[in-house]
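Read the structure below first, then the notes.
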Amino acid sequence: MQDDINRQTITLCISGGKLTARAFKSATAYASKQIDKMKAESLARKNAGNQKEDPIRGKQTLSDLTAGNDKLTNIQITDKNIGSFHKVARKYDIDYALKKDGTATPPRYYVFFKAKDVDVMNAAFKEYSANVSKIQNRPSVRKKLLKAMEVVKDTLSMQKVRTKVQEHSR
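Numbering (this note's numbering), first residue to last: 602 to 771.
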């Protein structure tokens, strides 16, 4: 019984010099709107628990991926390329799962995926393969540094050696 009384009791605090009927009316209207809003939110939370949750998107486990009964496809990627694949898969909204095959000496990674459309998968893998080839064709920083060091060494050897000889005479 005490809980019912506590639920029905509302505390309304208004700060002001004089309390007019108009100020009291606007304060009670605001309080009733807030109460209705809280009731609607609690009702929505109760109904949300009964509804089916949205499926997981993006990176997920292999069991979650196979739960949709869709056909899965896989490709093999290296450890260095996993980060670039994450970016492309997120961009094209592809659901995928990573599996590591530790039986090989350098471990291999397999990406199992499904997407909304075959064209989406093709576009994503074209972009991914373009990124990988762009990275592989780029010269390494060490090679650039060695070339720069050789150029500097050649320019230093070409400079004239100057010697200053001063004679002290009195």
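Ideal Cβ placement from N, Cα and C applies to all residues, glycine included. Nothing here was measured: the structure is a model prediction, and the numbers come from that model.
Open item on the list: Report the CB separation of L666 from A698 in whole angstroms; it is logged as a contact under 8 angstroms.
Closed with: 5 angstroms
Open item on the list: Using a 10 Å radius around the Cβ and a threshold of 16 neighbouring Cβ atoms, would you call Y631 buried or exposed?
Closed with: exposed
Task: CB contact flag (K701, Y693, <8 angstroms) - done: no
Task: DSSP state of V766 mapped onto helix, strand, coil - done: coil
Open item on the list: Can you give me the C-alpha to C-alpha distance between K754 and K727, rounded to a whole angstrom?
Closed with: 43 angstroms
TODO: Compare the beta carbon distance of H687 and K715 with 8 angstroms and say whether it is the shorter of the two.
DONE: no
Open item on the list: Rounded to whole angstroms, what is the Cα-Cα separation between L673 and V712?
Closed with: 10 angstroms
Task: Classification of D696 by the beta-carbon crowding that lies within 10 angstroms, buried from 16 upward - done: buried
- [ ] List the residues that DSSP assigns as beta-bridge partners of I676.
- [x] V712
TODO: Spell out the partners DSSP gives D702 in its beta bridges.
DONE: R709
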